[in-house]
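For reference, the structure discussed in these notes is given below.
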Amino acid sequence: MAKEFKIFISHSWAHSDDLEALQNLLNARGYFNVEFLEASKKVPINSENATYVKSVLRDRIRNSNIILALAGIYASHSEWMIWELETAQSYGIPIVGVIPRGQERISTEVYSRSKIDVRWNTESIVQAIRTYAI
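Residue 113 in UniProt numbering sits at position 113 of the sequence shown; the count goes up by one each step and never skips.
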């Protein structure tokens, strides 16, 4: 049986279409099993309490095999994404930057923390996950 990868995708809520597109891309890949652990607009944590939200996200990050960080330039301006990446680093969870379609510039916050940055290509993303996931 193929390994199931537990993936946390660090993303900006203002760009949740990129999150959904990445999830769809990975779900459509044959012989590649994933479980997504991040919060999303479709599956929110349902709390306004930042301490509680961070507690839930911290557990999800800690239980991930890898973090995929959407590396659009907007990531450099998202306090939540920066916190997620710092949290992942504190647990030794590897980070892979995924460059959204059409992006020329990428976030230095993602770039400075990632093991590798890959373009929006199914096989490149899958290979990075298989290479770096713990």
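C-beta atoms are modelled at their ideal positions from N, C-alpha and C, and glycine is treated no differently. No experiment lies behind these values; they were computed from the predicted model shown.
For residue 119, the CB contacts under 6 Å within the same chain, skipping 5 residues up- and downstream, are 99 in chain order.
If the five residues before and after residue 63 are omitted, its C-beta is found closer than 7 Å to the C-beta atoms of 6 and 37, all from its own chain and listed in chain order.
Taking a cut-off of 8 Å for Cβ pairs, the stretch 50-58 and the stretch 106-114 do not touch, as fewer than three such pairs fall below it. Per DSSP, the continuous beta strand (DSSP E) segment holding residue 6 begins and ends at 4-10. For residue 79, the enclosing alpha helix (DSSP H) covers residues 79-90. Counting along the chain, no alpha helix (DSSP H) covers residue 38, and no H or E run does either. Residue 19 has its alpha-carbon roughly 7 Å from the corresponding atom of residue 11. Counting the other CB atoms within 10 Å of its CB gives residue 46 a total below 16, which places it among the exposed residues. Bounds of the alpha helix (DSSP H) holding residue 61 are 50-62.
DSSP, read as helix, strand or coil, puts residue 71 in coil. Secondary-structure assignment with DSSP links residue 99 through a beta bridge to 119.
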